[in-house]
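Reading the sequence shown from the start, the letters are residues 1 to 315 in this note's numbering.
Even glycine gets a Cβ: it sits at the ideal position worked out from N, Cα and C.
This structure is a prediction, so every number in the text was calculated from the model and none was measured.
One structure is given here, and the rest of the page talks about it.
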Amino acid sequence: MTQGTQHSAEDARNADVRIYVNGALKHRSEAMVSVFDSGFVLGDGVWEGFRVVGGHPAFLDAHLDRLYEGAKAIMLDIGLDRAGLTRAIYDTLDANGMHGDGVHVRLMVSRGVKSTPYQDPRVTIGPATVVIIPEYKTASAASTRRGLSLYTVHVRRGFPDVQDPKLNSHSKLNCITACIQAHGAGADEALMLDPHGFVATCNSTHFFIVRKGEVWTSTGQYCLGGITRANVIALCRANDIPVFEKSFSLTDVYGADEAFVTGTFAGVVPVRTVDHRDIGWEPRGEDARGPMVQKLQALYQALVASEVAARGPRT
Numbered sequence: 001m002t003q004g005t006q007h008s009a010e011d012a013r014n015a016d017v018r019i020y021v022n023g024a025l026k027h028r029s030e031a032m033v034s035v036f037d038s039g040f041v042l043g044d045g046v047w048e049g050f051r052v053v054g055g056h057p058a059f060l061d062a063h064l065d066r067l068y069e070g071a072k073a074i075m076l077d078i079g080l081d082r083a084g085l086t087r088a089i090y091d092t093l094d095a096n097g098m099h100g101d102g103v104h105v106r107l108m109v110s111r112g113v114k115s116t117p118y119q120d121p122r123v124t125i126g127p128a129t130v131v132i133i134p135e136y137k138t139a140s141a142a143s144t145r146r147g148l149s150l151y152t153v154h155v156r157r158g159f160p161d162v163q164d165p166k167l168n169s170h171s172k173l174n175c176i177t178a179c180i181q182a183h184g185a186g187a188d189e190a191l192m193l194d195p196h197g198f199v200a201t202c203n204s205t206h207f208f209i210v211r212k213g214e215v216w217t218s219t220g221q222y223c224l225g226g227i228t229r230a231n232v233i234a235l236c237r238a239n240d241i242p243v244f245e246k247s248f249s250l251t252d253v254y255g256a257d258e259a260f261v262t263g264t265f266a267g268v269v270p271v272r273t274v275d276h277r278d279i280g281w282e283p284r285g286e287d288a289r290g291p292m293v294q295k296l297q298a299l300y301q302a303l304v305a306s307e308v309a310a311r312g313p314r315t
């Protein structure tokens with residue numbers, strides 16, 4: 001059975017979590033939205049995922065920047081300013097006693113309830129729907145060592161005048177279609193190309209390769225503005241690691257010394273195979289991490305610890 005970067009062990013505590021729904025904290029079994037909600041009817045909304053470390057959502061400011069920019073782009077009034085939304089996130093964590101590590105939060109904002117199931121925003125009859133789901137969820141330690149298998153799919157990341165990939169919208173059908181094809185090929189995740197045939201990104205993470213001591217990732221034109229992606233690029237620059245945002249092909253990928261993906265939930269995760277081709281020239285056994293991936297994992301973990309420590313302990 002293949003497993004993506006979001007795989008984690010089941011945690012019985014999640015059966016009793018309290019979920020924020022429009023200002024009220026509801027038991028998981030009672031947390032619901034209307035069948036007329038814009039998010040349910042049409043996927044009309046924006047969202048963010050946060051990893052909680054030391055009781056704090058890591059890189060919260062960057063995530064809120066992306067959320068509010070996306071909402072502005074689709075003319076969605078969240079109904080809460082940044083301070084109010086930040087309080088709602090912390091109130092939800094406090095209500096669940098989540099003051100440590102091992103927590104993941106999904107924040108979703110839709111345009112709100114409609115008078116009829118139709119796409120026109122003018123039939124929206126209420127304020128935005130805001131939902132905050134916290135879960136006890138820790139990335140698989142095995143995946144961060146053993147690595148993932150990727151499969152290049154026919155589904156492309158498209159031009160921004162069709163659906164801008166910079167929008168972290170609820171409408172993820174192209175990524176889901178890519179994921180289905182990759183799973184059918186026995187892979188953990190899909191590798192997606194841009195309209196010109198160059199490597200763009202994965203269906204739920206960002207993709208990097210390492211060649212002769214250099215770190216390469218896509219131009220970024222056809223992928224979401226990833227928070228972890230940006231942090232890894234900044235870490236490379238701060239630590240004298242050559243890093244390039246550029247167009248490259250699958251041939252470059254197949255011949256790479258190392259490959260890895262980045263994401264909010266799992267951080268930096270090695271890639272073992274792409275299209276059934278082993279990445280790198282030396283067999284690595286059960287640990288697929290090359291020297292660059294190991295270095296970047298350590299640097300990223302230190303960055304996360306520093307970022308949340310600056311906000312102080314929570315009890």
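Going by DSSP, which residues form a beta bridge with residue i?
| i | result |
| --- | --- |
| residue 110 | 45, 129 |
| residue 265 | In DSSP, residue 265 forms no bridge with anything. |
| residue 192 | 201 |
| residue 227 | Answer by DSSP bridge pairing: none, since residue 227 is not bridged. |
| residue 57 | 52 |
| residue 244 | 216 |
| residue 209 | 216, 259 |
| residue 149 | 273 |
| residue 25 | 20 |
| residue 317 | With the chain covering only 1 through 315, there is no way to say anything about residue 317. |
| residue 169 | 46 |
| residue 37 | 113 |
| residue 124 | 114 |
Since I believe residue j is in contact with residue i (beta carbons under 8 Å), could you give me their beta-carbon distance rounded to a whole number of angstroms?
| i | j | result |
| --- | --- | --- |
| residue 112 | residue 205 | Actually they are not in contact, since the Cβ atoms of residue 112 and residue 205 sit about 30 Å apart, beyond 8 Å. |
| residue 20 | residue 92 | 4 Å |
| residue 225 | residue 66 | 6 Å |
| residue 64 | residue 82 | 6 Å |
| residue 254 | residue 271 | Actually they are not in contact, since the Cβ atoms of residue 254 and residue 271 sit about 12 Å apart, beyond 8 Å. |
| residue 132 | residue 89 | 6 Å |
Buried or exposed for residue i, going by 16 or more other Cβ atoms inside 10 Å?
| i | result |
| --- | --- |
| residue 239 | exposed |
| residue 277 | exposed |
| residue 196 | exposed |
| residue 165 | buried |
| residue 1 | Below a pLDDT of 50, predicted positions are generally treated as unreliable, and residue 1, at 43, falls in that range; the measurement from the model is reported next regardless. It is exposed - the Cβ of residue 1 has fewer than 16 other Cβ atoms within 10 Å. |
| residue 18 | buried |
| residue 118 | exposed |
| residue 16 | exposed |
| residue 147 | buried |
| residue 186 | exposed |
| residue 289 | buried |
| residue 229 | buried |
| residue 24 | exposed |
| residue 293 | buried |
| residue 55 | buried |
Please work out which residues of its chain come closer than 7 Å, Cβ to Cβ, to residue i, disregarding the five sequence neighbours upstream and downstream, and give them in chain order.
| i | result |
| --- | --- |
| residue 192 | 153, 155, 156, 157, 178, 200, 201, 202, 203 |
| residue 246 | 216, 219 |
| residue 174 | 155 |
| residue 38 | 44, 45, 110, 111, 112, 114, 124 |
| residue 10 | none |
Between which residues of its own chain and residue i is the CB-CB distance below 6 Å, once the five residues before and five after are set aside?
| i | result |
| --- | --- |
| residue 316 | Residue 316 lies beyond the range of the chain shown here (1 to 315); nothing can be said about it. |
| residue 207 | 201, 261 |
| residue 109 | 45, 46, 78, 128, 130 |
| residue 233 | 243 |
| residue 49 | 106, 264 |
| residue 144 | 269 |
| residue 305 | none |
| residue 33 | 129 |
Cβ of residue i within 7 Å of Cβ of residue j?
| i | j | result |
| --- | --- | --- |
| residue 308 | residue 139 | no |
| residue 280 | residue 257 | yes |
| residue 51 | residue 265 | yes |
| residue 189 | residue 250 | no |
| residue 168 | residue 134 | no |
| residue 53 | residue 94 | no |
| residue 314 | residue 104 | no |
| residue 209 | residue 62 | no |
Determine whether the Cβ of residue i lies closer than 7 Å to any Cβ atom of chain E.
| i | result |
| --- | --- |
| residue 156 | Among the chains of the structure shown, chain E does not appear; only one protein chain is present. |
Who are the near neighbours of residue i in its chain, counting only those whose CB is closer than 8 Å to its CB and skipping five residues on each side?
| i | result |
| --- | --- |
| residue 116 | 36, 123 |
| residue 172 | 43 |
| residue 286 | 145, 146 |
| residue 317 | Within the shown structure, residues of the chain are numbered from 1 to 315, placing residue 317 beyond reach of any answer. |
| residue 28 | 14, 15, 16, 17, 18, 19 |
| residue 60 | 50, 86, 89 |
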